[in-house]
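When we follow this note's numbering, the leftmost residue of the sequence shown carries the number 6, and every step to the right adds one. Glycine included, each C-beta is placed from N, C-alpha and C at the ideal position. Single-structure report; data block below.
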Amino acid sequence: MAGHSKWANIQHRKGRQDAKRGKVFTKLIKEITVAAKMGGGDPAANPRLRLAIEKAKAQSLPKDNIDNAIKRGTGQLEGVVYEEIRYEGYGIGGAAVMVDCLTDNKIRTVADVRHAFAKHGGNMGTEGSVAFQFRHCGQMIFAPGTDEAALMDAAIEAGADDVVSNDDGSIEVLTPPNDLATVKEALEKSGLSAEFAEVVQKPGNETVLAGEDAVKMQKLLDALESLDDVQEVYSTAIIEE
Numbered sequence: 006m007a008g009h010s011k012w013a014n015i016q017h018r019k020g021r022q023d024a025k026r027g028k029v030f031t032k033l034i035k036e037i038t039v040a041a042k043m044g045g046g047d048p049a050a051n052p053r054l055r056l057a058i059e060k061a062k063a064q065s066l067p068k069d070n071i072d073n074a075i076k077r078g079t080g081q082l083e084g085v086v087y088e089e090i091r092y093e094g095y096g097i098g099g100a101a102v103m104v105d106c107l108t109d110n111k112i113r114t115v116a117d118v119r120h121a122f123a124k125h126g127g128n129m130g131t132e133g134s135v136a137f138q139f140r141h142c143g144q145m146i147f148a149p150g151t152d153e154a155a156l157m158d159a160a161i162e163a164g165a166d167d168v169v170s171n172d173d174g175s176i177e178v179l180t181p182p183n184d185l186a187t188v189k190e191a192l193e194k195s196g197l198s199a200e201f202a203e204v205v206q207k208p209g210n211e212t213v214l215a216g217e218d219a220v221k222m223q224k225l226l227d228a229l230e231s232l233d234d235v236q237e238v239y240s241t242a243i244i245e246e
């Protein structure tokens with residue numbers, strides 16, 4: 006993601022997702038399938054599934070695809086069995102990178118991820134080598150111009166951990182991972198809708214990159230995100246435009 010602006014980051018990410026809609030659909034279906042397998046097919050009782058379905062609807066994934074993914078996850082339909090796996094490493098300038106995957110073939114996936122790191126100037130790390138630099142949490146980002154006082158009151162009332170104002174005017178609400186769906190729903194009932202709401206690995210520090218280093222790092226992130234088995238890529242890198 007590019008630039009210091011949280012808001013610009015979100016818009017940039019959405020633009021890239023729209024440009025590769027077919028791949029996004031595949032990733033959404035995988036996430037729904039795994040969420041249903043792990044927590045059951047009832048979105049009301051499965052926060053991860055509820056968020057996955059909301060994200061899928063926001064990307065206009067057809068309802069039949071959503072329903073079939075849930076059925077595959079719960080065993081009502083036959084389908085591929087996916088395994089969650091995470092790889093860690095370093096990019097340009099020592100920027101930390103975490104790569105979350107859903108795969109039916111770990112040997113293929115690790116080879117693809119290692120190749121992407123090596124080809125674009127990064128290095129694969131061992132398990133735990135960079136994870137300590139990230140916080141697992143629910144994250145919502147609200148557009149510049151959102152009523153900060155109203156959002157803070159509603160977020161605290163709903164059980165959020167923290168509300169953070171960014172320099173670009175956007176506001177972040179952070180929650181425990183399992184509480185994101187509940188807090189999001191409560192805020193929406195108060196008329197406060199986030200532009201972005203996901204369970205993420207939020208970097209605790211930033212590695213600012215510019216010029217050629219920024220270009221190289223973006224190529225590494227793009228290469229990782231383009232892999233079929235990769236669901237999400239998180240990095241401490243801040244890429245200046």
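Asked                                                                                                                                                                                   : Found
Just to confirm the assignment: which complete beta strand (DSSP E) runs, minimum length 3, are found wholly within the region 119-188?                                                 : 139-147, 167-170, 176-180
How far does the beta strand (DSSP E) with Val102 in it extend, from its first residue to its last?                                                                                     : 101-108
Count the other CB atoms, across all protein chains shown, that sit within 10 Å of the CB of Met6; report buried if there are 16 or more and exposed otherwise.                         : Reliability of the predicted coordinates at Met6 is poor, the pLDDT of 32 falling under 50, and the value obtained from them is presented with this limitation in mind. By the 10 Å Cβ count, Met6 comes out buried.
Alpha carbon to alpha carbon, how far is Lys124 from Glu217? Give it in angstroms, no decimals.                                                                                         : 16 Å
State the beta-bridge partners of Gln206 as determined by DSSP.                                                                                                                         : His141
What are the partner residues of Val29, as DSSP defines its beta bridges?                                                                                                               : The partner list for Val29 (beta bridge, DSSP) is empty, contrary to what the question assumes.
Under 6 Å Cβ to Cβ from Thr151, same chain only, skipping five residues before and after it: list those, please.                                                                        : Ile176
With H, G and I counted as helix, E and B as strand and the rest as coil, what does DSSP make of Leu4?                                                                                  : Within the shown structure, residues of the chain are numbered from 6 to 246, placing residue 4 beyond reach of any answer.
Candidates Val235, Ile243, Glu245, Ile161: which alpha carbon is nearest Glu93's?                                                                                                       : Val235
Buried or exposed for Gly137, going by 16 or more other Cβ atoms inside 10 Å?                                                                                                           : Residue 137 is actually Phe in this sequence, not Gly. With fewer than 16 Cβ atoms within 10 Å of its Cβ, Phe137 is classed as exposed.
Give every residue of the same chain whose Cβ lies closer than 6 Å to the Cβ of Val168, excluding the five residues on either side of it in the sequence, and list them in chain order. : Met157, Ala160, Val178
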